[in-house]
Every structure is written in C-alpha cells, then in structure tokens.
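> One line per chain: the protein sequences are U and V, in this order. For the first sequence, UniProt numbering assigns the number 1 to the initial residue and increments by one for each residue that follows. For the second sequence, UniProt numbering assigns the number 1 to the initial residue and increments by one for each residue that follows. Quick one: structure below, then a few questions.
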Amino acid sequence: MKPIIEVRNLSKKYRVGERDRYLALRDVLSNPFRAVSKRVKQQWEDAEFWALKDITFDIYPGESIGIIGRNGAGKSTLLKILSKITPPTKGWITCRGRVASLLEVGTGFHPELTGRENIFLNGSILGLRKWEIEDQFDAIVDFSGVEYFLDTPLKRYSSGMQLRLAFAVAAHLEPEILVIDEVLAVGDAEFQKRCMGKMDEVSKSGRTVLFVSHNTGALRNLCAKSILLENGKIVSQDNTSIVIDKYLQNNLAKEALYESKITKSSDLFFKKITICDENGNRKGIFLHDEPIYISFNIGFNVSQEKHDYNIFLLVLSSDKSKVFAAESGVIRKENMIIRIEREFLVRGRYTIKAFIHKPQVVQIDIVDDVCTFEVVDNGSKLNVHGDYDYGKVFGKYTWL
Amino acid sequence: MVTENQFEPINQEVEDLKDLYPVEYRIEPPARFSLGLEELWHYRELFYFFTWRDIKVKYKQAALGFLWAILQPLALVVVFTLVFGKGLNVETDGIPYPVFAYSGLLFWNIFASGLQSSANSMVTNANIIRKIYFPRLIIPMSAILVSVFDFVMALVVYSGLLLYYHQSVNLARIILLLPFSLILTVIATFGLGTLLAALNVKYRDFQYTIPFLIQFLMFINPVVYSTSIFRSETAQYVIALNPMAGAINLSRAAFLSSSIRWDLVSISVGSAILLFMVGIYVFRKTEAYFADLA
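Below, the structure written as structure tokens:
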C-alpha cells in the first residue's frame, strides 16, 4: 500500500526579523542608498532560522498520527506546509487525498452574518461544495445546538456558541486527510468531550488524522503513533506512549540541576541541588500525580554536629511568585531530600529559591530561581478547562 | 449527536465525485510560474461566497441597504453637475451634464471602489490567509465583483436618468459596447488591483497611498470632462494609454452615440491587458509567501 502522505527532506527556512520587512519602503524612499546598503548588509547578518530541517516520514491511510513538541519545535510550520499555506524551502510532500486542515476553528466567520450564512461561508472556505453543505446542513445545526439562533448575526452569539458552531462545520468535513492543530484547547468541558468523541469517530471511520497537541492525554487517546519534533527535527517516531515519555523526559532534565562552581567559605553551602524521582534520577518533567523529589547536597566547613543551620526552601511559579515554603530541621547529613507530594502542584513551570540560615539570625548561602522543572497535567479534573489558569496548587477541600 | 449513518449517503457521493479533486499532488518549493486556472475552477464557488459575503456585510447594517449603491453615484452626479456643469460649463458635446457625468461615473466607480477594496483585500483577509489554503487570486477578484454588483444597481438609475432627459439611445450599440466597456474596466481594475494587493502585503505604505492615487486618477480620467476638449492628436493617443479613459469613452459611445475611434480603443485594450498580465504575474510570484508576510 502506498503511503497517503509522503514527506521527504522537508525544510523551511525563515529569516529572523522577516515579519517586520513591510516597513522597508519608508527607508527605501527616504534614503535609497543607505536603505539598499543596509538591506544588503542585513541580509548577510540576518540569522537564518530553520523552522524545519530534513523532515522525512510516511503516513499510511487510516493512521492517526500525533505530532508533539515544545513551542517553536516546528509543529505549526509542518502543519502550515501540509495545508499549503506556506511553501517549503526544500524537499517535498506527496499527498494522495484531499487534505482539510483545521488550524483554527471558525476561520472566516464574519460577525455581521447570521449563523446560517456563516455555516455556508465557513464551509466553503474549508473546501466544502455548496451541495455538500446543503446536504449536511441539518446535521451541522443539530451538532452545534444553536438552531434557535440560526438567523441571528454571529456577533450576538456567546463565544461558546460561536465555537460550537465552528466545530460543527469542521466536524462535517469529509476529507481523506484531516489535519488538526490544538483546536481542542478551547471551550468548556462538555464541549471538549464532544470534540474528543467526534475526533475519535473520525479516526475510527478510516480517515487519516494528523493531530498536533500539547495535551498528552488527548494524544494518548486518539493516536496510536506519534512524532516528536525538537528544534525542527524529528527526534522520535514511535508508539505514542513511548514518544510522550521521551518528550516529557528529554525536555527539561538538563535544567533540573544546580551545582556550585566554587567551594564556598561559609559554614555550610549548597554543593548541588537536583530535582529527581524517588530513585534519585534527575528529571525535569513530572506528571501532576507523581511525587517530586528535591535533593540538596550540602558542603560543610564546620562539623556536621556543631551548628544549628537549616534549609529554607521556596518553590517559585513561572511568574516568580512564591507557591509555598518548606523549612527543614537542623542539617545533620550531607543529603537532605524533600518530597513534594503527588497531586499538589498544578501544571506549569517551577523553579526554586533556597537558603541555609539560622532562623532570624543569619543567611549564609542563597540560591534563587534555579532548578527548572515542569508539571504536566495527566488528566486531572481541572484539566478539562484547557488553558484556563486554575491557580498554583490543587486545593485540599471537600464540598459539603 | 450525529450518528454514523447520517454520513453514509454523502460519503457515497464524495466517492463518485472523487475525480473532481486532484487525488495526488505535490507540495514543493515554488518553481515555475503558472496561472493555476485549473485550481481556480475547483474553487469557483468561493468567488460567489466571498462576493456574497462582502455585498451582504457592506449593506447589512445600513437602514437604506442596497439603496446606497444607487444613492452614492447619484449624489456625486448632483455635485458634479453643480460644480462642473453649471459652474464651470464643461464642454460635453451637447449632452445634458448629468447624463454625461453619470455615464463616466458608472465605470469610474467600478475602478475606484474595486481598486480600493482589492488592493486592501489581502490585508483585510489576512486571518483567513494565515489559516487556510485556497487560490489567493479569488480574494482580489471577488472584491472587484462587489463593485460590479454596485455597477448593475447604478445602471438601473442611469436608465431612469436617460428617460428623464429624453436622451435617445441606440439599443444595439448598448448591447454591443456596454459589455465590452465593462470587461475592459474589470481587466484594468483587476490588473492594478492585484498588483497593489501583492505590494500592500509587503509594504503597508500602499494602504495610505491608494486613496490619494484614486483621487488623482479621477482627474486624469474623462469622468467630469470629455476627451474631445484636447484638440491635439498626440494627446488623444496618450490618453488612450489609460484603459479607463478608453472604457469611459466607450460607455459614452454606447449610451450617447458619440463616435468611436477604434485605433484609440485598441491602445486602451492593449494597455489593460498589459496591466492585467503584470498584476497577475507579480501576484502569483509573491502569493506563496503571503501567509508569512501578512
């Protein structure tokens, strides 16, 4: 069987700063000579940036493939090339089927037009024929649940209704290849569940699906295989669970360490601080339901028994605000380890601040904003709210 | 919820019509120049939808609605009649001034509003361009079709005006020359419109120069005056280089039975086609990168 999508040595180059180029005419007019020479110079100096570099893979009919990677890894560029929005710099793709891409729901929706009119407009922009839209009109309206507002201008819709309508149109595309970019990151829980159901149905109906997401839970459910992109290159291409593990581990492990480069003269000092798992292996990404260990390796310039210093630890969130503090007892051993219990920190990126002190008297060593680690939501109850900021910690509470 | 069997009949039809779509195609770095006519044909319904959207949106919230398509040129004719007709006594070859000016305005408006909206069309539709693929030429093309719609509305008023002034017309001439004039106008507008649309994506400066450009062009076009005021033969040839001058003169020949200089008309047609080709060439050449620049 021939692959439905063949990607060979695909590369895309951007020049850094290219987006601002449209201002250049002013320079050209005001000082033609300088502008031209500046521009030539700039072209030499401009850093080339390869958003994608030598990507090669095959997708066979009926496969659901996930694409995962950090921001800037090249996922969106890959999707844009696949959907013909932007051309590759090198390499090629052969597609054997109609591609419908959903890089956004509701592309082309116009606020002044009614729901009914927008269904037709959006549908045809997505590549549906008029008769196809007419045939599926009732199904689309039914799926969206906005039948009472069909002849109301879209600007009077709530954002949730707009989203439902948009997804309803998109869900009724019948292409051979469906390309989806994190459209599920929006909408309420009920809507997300519906979307997931629909996507599941689509992939089970034998169509080929390419799905880009940060949501590892959704990827696990929908895609048997995944591709991991890092800095524009394919790092891993395997069963989804293996790829996700790699993604989670690869990512931050390098940053999860603090090491003092000099031997300090203070009584006690931090030699090394590591974020790790229970076996002491350095680790940068944790699932929200995994415990996080922080191991402090202490250097001593005084006898271990004859001092009364302890460690004061603060966990900082990505905006550098303090999430919580934890003070140790008096340091009596070289390795002090703290366990942050599972299901405490919500997803997000964290660093730590720590100092060794004699309470209320003196601080003798201090580290600030070191040891980056990330918590990934592996499907908590709050995760259905997508990108909504639901605080820093999972509260301990009971509804009575 | 939608059940599986609701899809079944449609699936069937898609299978049947599969050969309508390119089953296999390549995505490659842009290489040779091509018009992409085949692709435009596949997406032909989008012309209709974009034009329909723009017309709807244009008049949607206006209490007078489509009447504006008629009122705008009418108001302009009143102003022109007062200023140029009554005030300056512009030579019109013996035709009542409103009838004369409106015949020019009919086509001038296609050009002016078509140019304005097509030149800005890529920028105003940037959000769609960045997210979905379709032949980009459809956007400036349908922007011009909106002006053609306005033209049809204004044409109705013009017939009324002709009746009111008891202007005798030659129907055969109208049927022959009016479409010709319309095609000439659309080709010229489209050429300049796509050229400016492509440039506008890269240099936003054009956004600000276009209104000025249009105002300026209006006075070098025989909208408010007749080209016969220029006595010199060379001047006639220079004027004919402007396709809109050709189109306006043709429309006057259609409605007002003024004589036609076919040598001048063919110059206008030639320059319109040249403009058209340059516009499309530049547009197609830069089109692939619109999503990166817009």
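In this text, a Cβ means the ideal position worked out from N, Cα and C, and glycines have one as well.
1) Which one or two residues does DSSP pair with N221/V in a beta bridge?
2) Examine chain U for any beta-carbon lying closer than 7 Å to the beta-carbon of V57/V, and answer yes or no.
3) Counting only Cβ-Cβ distances shorter than 7 Å, please list the residues of the segment 26-60 of chain V near chain U, keeping chain order.
4) With a Cβ-Cβ cutoff of 7 Å, do S83/U and E45/V count as a contact?
5) Could you pull the DSSP bridge partners for H357/U from this structure?
6) Going along chain V, which residues have a C-beta under 8 Å from T56/U?
7) Residue ranges of each alpha helix (DSSP H) run of no fewer than 4 residues wholly in the segment 137-172 of chain U, ordered along the chain?
8) Residue range of the beta strand (DSSP E) that R220/U falls in?
9) If L394/U and V346/U are in contact, beta carbons under 8 Å, what's the gap, nearest whole angstrom?
10) I'd like to check one pair, I242/U with T208/U: are the Cβ atoms closer than 7 Å?
11) Would a check of beta-carbon distances place E112/U closer than 7 Å to chain V?
12) Name the DSSP beta bridge partners of M336/U, please?
13) For the segment 56-90 of chain U, enumerate the residues whose C-beta is nearer than 8 Å to any C-beta of chain V, in chain order.
14) Using Cβ-Cβ distances below 9 Å, what residues of the segment 105-131 of chain V are close to chain U?
15) If you measure between the beta carbons of S11/U and D54/U, is that distance less than 7 Å?
16) So that I know if they touch, is there some Cβ in chain U lying closer than 7 Å to that of E287/V?
17) Given this structure, state the Cα-to-Cα distance separating residue 402/U from T263/U, to the nearest angstrom.
18) Could you give the distance in angstroms between the alpha-carbon of R252/V and the alpha-carbon of S103/V?
19) Flag this pair as yes or no: are the beta carbons of R136/V and E39/V separated by less than 7 Å?
20) From the beta carbon of L52/U, is the nearest beta carbon of chain V less than 7 Å away?
21) Check whether the Cβ of R282/U lies closer than 7 Å to any Cβ atom in chain V.
22) Helix, strand or coil for F394/U? Go by DSSP, reduced to three states.
23) Please classify W50/U: does DSSP put it in a helix, a strand, or coil?
24) Verify whether the separation of the beta carbon atoms of Y309/U and I331/U is less than 7 Å.
25) Give the range of the alpha helix (DSSP H) segment to which G114/V is assigned.
26) Are the CB atoms of L275/V and G191/V within a distance shorter than 7 Å?
27) Please report whether the beta-carbon of T107/U lies at a distance below 7 Å from any beta-carbon of chain V.
28) Consider the Cβ of D150/V: report whether some Cβ of chain U lies at a distance smaller than 7 Å.
29) Nearest chain U C-beta to D263/V closer than 7 Å, yes or no?
30) Determine the closest residue to residue 409/U out of M196/U, E343/U, E334/U, L313/U, with distance taken between C-alpha atoms.
31) Is there a Cβ from chain V that is less than 7 Å from the Cβ of I93/U?
32) Does the ligand NAP have a heavy atom nearer than 6 Å to the CB of I180/U?
33) Residues of chain U with CB closer than 7 Å to the CB of Y133/V, please, in chain order.
34) Which chain V residues are close to K322/U, counting only those with a beta carbon under 9 Å from its beta carbon?
35) Give me the Cα-Cα distance between W108/V and E134/U, rounded to the nearest whole angstrom.
36) What alpha helix (DSSP H) runs, 4 residues minimum, are completely inside the segment 79-146 of chain U?
Reading it off the structure:
1) Residue pairing for N221/V: DSSP places it in no beta bridge.
2) True, the Cβ-Cβ gap to chain U drops below 7 Å.
3) When C-beta distances to chain U are compared with 7 Å, the residues of the segment 26-60 of chain V below that value are R26, I27, E28, P29, P30, E45, L46, F49, R53, K56, V57, K60, in chain order.
4) No, they are not a contact pair.
5) Note: H357/U is bridge-paired with N310/U, Q363/U in the DSSP secondary-structure output.
6) Result: empty, since nearest Cβ-Cβ is about 14 Å, beyond 8 Å.
7) Taking 4 residues as the minimum length, the alpha helix (DSSP H) runs contained wholly in the segment 137-172 of chain U are 159-171, in order along the chain.
8) No beta strand (DSSP E) contains R220/U, which is instead part of the alpha helix (DSSP H) from 216-222.
9) The amino acid at residue 394/U is misidentified as Leu; the sequence shows Phe. About 6 Å separates the two Cβ atoms, so the contact holds.
10) For T208/U and I242/U, no; Cβs fall outside 7 Å.
11) With 7 Å as the cut-off, E112/U counts as an interface residue toward chain V.
12) In DSSP, M336/U forms a bridge with F296/U.
13) Residues of the segment 56-90 of chain U with a Cβ closer than 8 Å to any Cβ of chain V, in chain order: K80, I81, L82, S83, K84, I85, T86, P87, P88, T89, K90.
14) Answer in chain order: N125, N127, I128, I129, R130, K131.
15) Yes; because the gap between Cβ atoms is below 7 Å, this pair is in contact.
16) No, E287/V lies away from the interface with chain U (no Cβ there is under 7 Å from its Cβ).
17) For residue 402/U there is no data in the structure shown, the boundaries of chain U being 1 and 400.
18) One C-alpha to the other measures close to 6 Å.
19) Going by C-beta atoms, R136/V is not nearer than 7 Å to E39/V.
20) Output row for L52/U: interface = no.
21) Chain V contact via Cβ: absent.
22) In the structure shown, F394/U sits in coil (DSSP, three-state: anything other than H, G, I, E or B).
23) DSSP, reduced to helix, strand and coil, places W50/U within a strand of the structure shown.
24) If you check the CB distance, Y309/U and I331/U come in under 7 Å.
25) Unbroken alpha helix (DSSP H) run through G114/V: 97-124.
26) It is a contact, given that the beta carbons lie within the stated cut-off.
27) So yes, T107/U belongs to the interface.
28) Nearest CB-CB separation between D150/V and chain U: not below the 7 Å threshold.
29) The beta carbon of D263/V does not come within 7 Å of any beta carbon belonging to chain U, so the residue lies off that interface.
30) A question about residue 409/U goes unanswered here, because the residues of chain U that appear run from 1 up to 400.
31) Cβ-Cβ to chain V under 7 Å: yes for I93/U.
32) Looking at this structure, you won't find the ligand NAP or any other ligand, since it has none at all.
33) In chain order: S83, K84, I85.
34) Correct list: empty, because the minimum Cβ distance to chain V is about 40 Å.
35) Going from the Cα of W108/V to the Cα of E134/U covers about 38 Å.
36) 115-125, 130-144, all fully within the segment 79-146 of chain U.
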